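Just so we're aligned, residue 1 is where the sequence shown starts under UniProt numbering, counting upward by one.
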Amino acid sequence: MKGQTNIRKARRGDEIALMGLVQELADFEKAPDEVMNTPEQLAIDLFDDKICDCFVYEIDGVIRGMALYYVSYSTWRGRCLYLEDLYIQPEFRRGGIGQKLFQILVDEAKEMGVKRMDWQVLDWNESAIQFYKKIGATLDPEWINGRLFF
Numbered sequence: 001m002k003g004q005t006n007i008r009k010a011r012r013g014d015e016i017a018l019m020g021l022v023q024e025l026a027d028f029e030k031a032p033d034e035v036m037n038t039p040e041q042l043a044i045d046l047f048d049d050k051i052c053d054c055f056v057y058e059i060d061g062v063i064r065g066m067a068l069y070y071v072s073y074s075t076w077r078g079r080c081l082y083l084e085d086l087y088i089q090p091e092f093r094r095g096g097i098g099q100k101l102f103q104i105l106v107d108e109a110k111e112m113g114v115k116r117m118d119w120q121v122l123d124w125n126e127s128a129i130q131f132y133k134k135i136g137a138t139l140d141p142e143w144i145n146g147r148l149f150f
């Protein structure tokens with residue numbers, strides 16, 4: 001990668017760039033019209049209510065990737081960390097950034113004392129599936145996702 005790279009926690013003022021990445025991810029996942037969140041609401045959720053957190057990857061001060069997560073709960077395990085989105089812009093992939101972001105998240109999870117880390121991956125996203133297999137993750141085809149929208 002050319003330029004100065006950095007991974008850091010998201011801070012107030014990042015919300016517009018983060019929502020831009022969220023929209024890029026939605027476009028990639030063939031759901032461009034599904035994003036209803038706003039930069040303003042994301043800022044409230046991240047920085048005021050602290051219901052989620054985020055690491056960002058930047059090059060020369062421009063955010064090019066993110067790992068957004070929150071604490072969830074399992075009655076079997078206790079506190080868990082849920083990775084909502086791991087996204088790096090396509091032109092910045094294949095340089096080990098995903099692994100670095102993921103490892104920082106694993107370190108954060110261990111520091112928080114969580115017992116498990118969860119996420120979802122679309123069954124057709126072969127590059128993501130291979131990424132998760134490469135890092136030793138278990139992909140569980142047994143569970144079906146349930147969802148209600150309000």
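The beta carbon of each residue, even a glycine, is placed where N, CA and C say it ideally should be. Remember, it's a predicted structure, so these values are computed and weren't measured experimentally.
Verify whether the separation of the beta carbon atoms of residue i and residue j is less than 8 Å.
i: A17; j: I63; result: yes
i: D53; j: K9; result: yes
i: A43; j: V35; result: no
i: I59; j: T138; result: no
i: G95; j: L86; result: no
i: W124; j: Y82; result: no
i: F47; j: L105; result: no
DSSP three-state call for residue i: helix, strand or coil?
i: V106; result: helix
i: I144; result: coil
i: A137; result: coil
i: M112; result: helix
i: A67; result: strand
i: E34; result: coil
i: I59; result: strand
i: I51; result: coil
Looking at the unbroken beta strand (DSSP E) that takes in residue i, where does it start and where does it end?
i: E84; result: 78-88
Can you give me the start and stop residues for the alpha helix (DSSP H) that residue i sits inside?
i: M19; result: 15-28
i: E40; result: 39-43
Using the Cα positions of residue i and residue j, report the straight-line distance between them to the nearest angstrom.
i: K134; j: F102; result: 12 Å
i: M66; j: Q89; result: 9 Å
i: N145; j: L68; result: 20 Å
i: P71; j: N37; result: Here residue 71 turns out to be Val, not Pro, going by the sequence shown. Approximately 19 Å between the Cα atoms of the pair.
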